[in-house]
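Enquirer:
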Amino acid sequence: MPDGGHPIKVRGKDVCVFYGAKQALYDVSLDIGAREVTALIGPSGCGKS
4 MPDGGHPIKV RGKDVCVFYG AKQALYDVSL DIGAREVTAL IGPSGCGKS
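Going by the working numbering, the sequence shown opens with residue 4, and the numbers climb by one from there.
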């Protein structure tokens with residue numbers, strides 16, 4: 004369980020993302036528990052989706 008004490012609903016483990024030859028993420032892991040609110044924020048066009 005994540006620190007919030009709720010079961011994990013979303014898990015990303017060792018995620019890597021490339022846009023062509025450009026690496027955007029390397030070895031990123033994330034757990035989001037039930038009833039947790041999480042947001043990815045940044046300017047338009049920075050690759051949040």
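We put the CB at the ideal spot given by N, CA and C, even for glycine.
Starting from Gly36, follow its DSSP beta bridges and name the residues at the other end.
Expert: Gly36 pairs with Ile11.
Enquirer: Pick from Ser52, Tyr29 and Gly15: whose alpha carbon is nearest that of Leu43?
Expert: Ranking the options by Cα distance to Leu43, first place goes to Ser52.
Enquirer: Tell me which same chain residues have a C-beta within less than 7 Å of the C-beta of Leu28, skipping the five on either side of it?
Expert: Same-chain partners within the cutoff: Val18, Cys19 and Val20.
Enquirer: Please name the residue, chosen from Ala24, Asp34 and Asp30, that lies closest to His9 on a Cα-to-Cα basis.
Expert: Nearest of Ala24, Asp34 and Asp30 to His9, Cα basis: Asp34.
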